[in-house]
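Number of protein chains: 2
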Amino acid sequence: VSPEKTLSELGERALIALIDSVVGEPGVTLGIGDDTAALPTPGEGDLLATTDSLVQDVHFNLAEGSGRRVGEKALAVNLSDIAAMGGTPRWALVSLIAPPETPVAFVRELYLGLVSMARRFGVAIVGGNVSASPATLAVDVTLLGSAPSGQLVTRSGARLGDIIVVTGTLGRAAAERVLAVQGHEPGGTVSVPEPRISVGRSLAAAGLAHAMIDISDGLATDIHHLVEASSAGAVIYAADVPIDIAARKVGRQTSQNPLNFALFGGEDYELLFTMSEAQLPRAIEAAGDIPLAVIGTIVAPEYGVVLQDSGGVRTPLEAGGWEHFRRG
Amino acid sequence: VSPEKTLSELGERALIALIDSVVGEPGVTLGIGDDTAALPTPGEGDLLATTDSLVQDVHFNLAEGSGRRVGEKALAVNLSDIAAMGGTPRWALVSLIAPPETPVAFVRELYLGLVSMARRFGVAIVGGNVSASPATLAVDVTLLGSAPSGQLVTRSGARLGDIIVVTGTLGRAAAERVLAVQGHEPGGTVSVPEPRISVGRSLAAAGLAHAMIDISDGLATDIHHLVEASSAGAVIYAADVPIDIAARKVGRQTSQNPLNFALFGGEDYELLFTMSEAQLPRAIEAAGDIPLAVIGTIVAPEYGVVLQDSGGVRTPLEAGGWEHFRRG
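Residue numbers (this note's numbering), protein chains in the order written: chain A, 1 to 328; chain B, 329 to 656.
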């Protein structure tokens, strides 16, 4: 590595690869590859641990009224990681760095948002830290959870012939960002996802999900994460991707294909999982009120990840979505 | 709270009180009051969890060669929190936020520092996160540890008549900061503490320490934290405070009383604990190579915290040290 090279020149994927190579073999059930670490505790299943940050002027701004949603979202994105493992969230630690000129009211709202999301999901906020920051406010949440022995779902269990299933609808967060960028509601960029804890838990407890991930970076990127961890390939059927109604509307308004919001937009925080087709009725039952959509099939790794249109034409589906550390 | 009020007007103590009031009763063994949370896990003692951040231009700068020490220190300050509970460190999660223009070499050195400190103390780095940041680099470490049943040491167990004991020497970090401010070695502001894991573990296992805390904010502030949690008071004997040799030297060079570095400087990360005087020989044995100094006595709460000079004159010892969120 040239000493003058910067993170923007390196890019996010290469940065993560660099960190992985420095950190090396963690010697635990799951390491840095999955978003959530699973740590063996004698006698009672796995301890789960995950961490995620929201950063001012990257993920939110200090617009009036955004504090509560920043707090809710800071916990929700971590809850989503626990959901994707089939785990139960338990304890959170909250680390805040904030400039001296930060309004007290914003910080108060942020913690109210954290607490309200924590209560909804039975999480106790058990610790934290505050530190001054010269110019950037950021909140980093570490969430601990648990999973009974043998019920952990990872990214790496997809099997040839599995169907690929997604909860809910995709593309809403991307559509909201498009609207926000157009200046209609600048404070509206903080969309709070609904963590799929209950669905994830039910699928894991019933042993239905072979592999699972939450869609944070966008369907296109996260299906790559899943099949790469599983040494598999995937066909995604374009016509079956459940595009959110808000994404369809914004697509019409802006003359964009709403499928692109669903494939590449990210921040949906729905669950993406693979399972045996024969078990689909049981999964629908396990999901309760949350709709499931079958959007594809797990195939051999040499196929890579392809998008198949309604005419049967297949094109490669590239990972793409949010690339951090790029200016502009 | 007036909506226009800022964190700098509020101050750090009031901010923490505000957060405590919003977060409320955590319902776990120890909450936000102690630096480390203790979480009950069925059958095998307590799970410990603590989090601490280092922030660019508050705790360090990007001076050449500082990356490794930033990484070492980011883990070391968390190790010190686990040490103060008598715990064994196990797993760490590392969250990095960094501007696009950050040199890759700095980040690589930072993780090398984290890994080298982790290996020394048997810690596995099991997860983490990276995010872009507009202007500030910060690293937030969450450290998980464990303590056998009944061996947890908190801040709140000090008893009337206990002696007050401190490991090592105090004032070195403050003296190094004074030198750095004078411009002799600007990169030298990142002093890496030596976490007292082994001493903390031995004192806890032998049941010797009644109350314990690590000295992060300065002896004067941290003895207040301890006695307030214990509903007690303290007399500190000025002549018995173990002033570091570097602090004495810088005191002479700058015509400052080196005792002030030891009392108010902070960042020493030595252990401050209370115990029965009769057990002192056992504690000295448990501490091995690490020197112990008896610096005071636990008294009734109405005495508050006082400093007694060699002539027997007592003056109130105010909490003071690093107050965040104040523009300097």
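Idealized CB from N, CA, C, for every residue including glycine.
Quick check: what's the CA-CA separation for residue i versus residue j?
i: B:Arg418; j: A:Gly45; result: 17 angstroms
i: B:Arg642; j: B:Ala562; result: 11 angstroms
i: A:Pro316; j: A:Ile164; result: 17 angstroms
i: B:Leu438; j: B:Ala463; result: 18 angstroms
i: B:Ser459; j: A:Tyr237; result: 32 angstroms
i: A:Ser231; j: B:Asp596; result: 49 angstroms
i: A:Pro148; j: B:Leu376; result: 20 angstroms
i: A:Glu277; j: B:Ala452; result: 38 angstroms
i: A:Gln56; j: A:Ala180; result: 16 angstroms
i: A:Gly251; j: A:Val104; result: 38 angstroms
i: A:Val227; j: A:Ala220; result: 11 angstroms
i: A:Leu15; j: A:Leu7; result: 7 angstroms
i: B:Pro514; j: A:Arg69; result: Only weak support is given to the placement of B:Pro514: the predicted model assigns it a pLDDT of 49, under 50, and the value that follows is read from those uncertain coordinates. Rounded to whole angstroms, B:Pro514 to A:Arg69 spans 40 angstroms at the Cα level.
i: A:Ala209; j: A:Gln279; result: 10 angstroms
i: B:Ala534; j: B:Gly415; result: 13 angstroms
i: A:Gly312; j: A:Thr169; result: 23 angstroms
i: B:Gly393; j: B:His387; result: 15 angstroms
i: A:Leu54; j: B:Val506; result: 34 angstroms
i: B:Gly656; j: A:Asp52; result: Residue confidence for B:Gly656 is low, a pLDDT of 36 falling below 50, so the modelled location carries little weight; the figure read from the coordinates is stated next. Between B:Gly656 and A:Asp52, the C-alpha separation is close to 31 angstroms.
i: B:Tyr626; j: B:Ile541; result: It should be pointed out that residue 626 of chain B corresponds to Ile in this sequence rather than to Tyr. Each residue's alpha carbon lies about 15 angstroms from the other.
i: B:Ser638; j: B:Ala567; result: 6 angstroms
i: A:Gly127; j: A:Lys249; result: 42 angstroms
i: A:Ile19; j: A:Asp217; result: 19 angstroms
i: A:Val77; j: B:His552; result: 37 angstroms
i: A:Gly21; j: A:Gly265; result: Checking the displayed sequence, the identity of residue 21 of chain A turns out to be Ser instead of Gly. Going by the C-alpha atoms only, they are around 29 angstroms apart.
i: A:Leu93; j: B:Thr378; result: 8 angstroms
Which residues of chain A have a Cβ atom closer than 7 angstroms to the Cβ of residue i, listed in chain order?
i: B:Ile410; result: Correct list: empty, because the minimum Cβ distance to chain A is about 12 angstroms.
i: B:Tyr439; result: Ile19, Val22, Val23
i: B:Ile626; result: Near B:Ile626 there are no residues of chain A at all, since even the closest Cβ is about 26 angstroms away, more than 7 angstroms.
i: B:Val398; result: Within chain A, no residue comes near B:Val398; the closest Cβ sits about 14 angstroms away, beyond 7 angstroms.
Can you tell me where the alpha helix (DSSP H) with residue i in it begins and where it stops?
i: B:Gly399; result: 395–412
i: B:Pro609; result: 608–615
i: B:Leu343; result: 340–351
i: B:Leu472; result: Segment 466–475 is the beta strand (DSSP E) holding B:Leu472; no alpha helix (DSSP H) there.
Using a C-beta to C-beta distance shorter than 8 angstroms, which residues of chain A count as neighbours of residue i?
i: B:Ser381; result: Ser95, Ile97, Asn129, Ser131, Asp140
Quick one: give me the first and last residue of the beta strand (DSSP E) that residue i is part of.
i: A:Arg172; result: Element bounds for A:Arg172: not the beta strand (DSSP E) but the alpha helix (DSSP H), 172–181.
i: B:Val493; result: 491–495
i: B:Ala590; result: Note, B:Ala590: premise wrong, no beta strand (DSSP E); alpha helix (DSSP H) at 586–592.
i: B:Ile541; result: 539–542
i: A:Val294; result: 292–299
Can you tell me whether DSSP reads residue i as helix, strand or coil?
i: B:Gly579; result: helix
i: A:Leu317; result: coil
i: B:Val356; result: Confidence is the limiting factor: at B:Val356 the pLDDT is only 48, short of 50, which leaves the residue's position unreliable and the question unanswerable from this model.
i: A:Thr102; result: coil
i: B:Val451; result: coil
i: A:Pro242; result: coil
i: B:Tyr597; result: coil
i: B:Gly441; result: helix
i: A:Asp222; result: helix
i: B:Asn457; result: strand
i: A:Arg90; result: strand
i: B:Asp637; result: coil
i: B:Asp380; result: strand
i: A:Ser198; result: helix
i: B:Ser558; result: helix
i: A:Val190; result: coil
i: A:Ser276; result: coil
Give the interface partners of residue i over in chain B, defined as CB-CB distance under 9 angstroms, in chain order.
i: A:Glu12; result: Val458, Ala460
i: A:Val235; result: Near A:Val235 there are no residues of chain B at all, since even the closest Cβ is about 31 angstroms away, more than 9 angstroms.
Against residue i, what residues of chain B qualify as contacts under a CB-to-CB distance less than 7 angstroms, listed in chain order?
i: A:Asp57; result: Pro462
Under 8 angstroms between beta-carbons, which chain B residues line up against residue i? List them in chain order, please.
i: A:Ala37; result: Trp419, Leu421, Val454, Gly455
i: A:Ala49; result: Trp419, Leu421, Val454, Gly455, Thr470, Leu472
i: A:Leu15; result: Val432, Val435, Val458
With a threshold of 8 angstroms between beta carbons, is residue i in contact with chain E?
i: B:Thr369; result: Given the protein chain composition of this structure (A and B), no chain E is represented.
Which residues in chain A sit within 9 angstroms of residue i, going by Cβ to Cβ distance?
i: B:Val443; result: Val22, Val23, Gly24
Q) Would you say the stretch 155–162 of chain A touches the stretch 273–283 of chain A, given that touching needs at least three Cβ pairs under 8 angstroms? A) yes
Q: Could you say if the stretch 104–119 of chain A and the stretch 166–184 of chain A meet the contact criterion of at least three C-beta pairs nearer than 8 angstroms?
A: no
Q. How do the stretch 403–412 of chain B and the stretch 524–531 of chain B stand: do at least 3 beta-carbon pairs fall below 8 angstroms, yes or no?
A. yes
**Q.** Segment contact, 8 angstroms Cβ cut-off, at least three pairs: the stretch 281–295 of chain A with the stretch 303–310 of chain A
**A.** no
Q. For the 8 angstroms Cβ check, are there 3 or more pairs between the stretch 420–435 of chain B and the stretch 479–486 of chain B?
A. no
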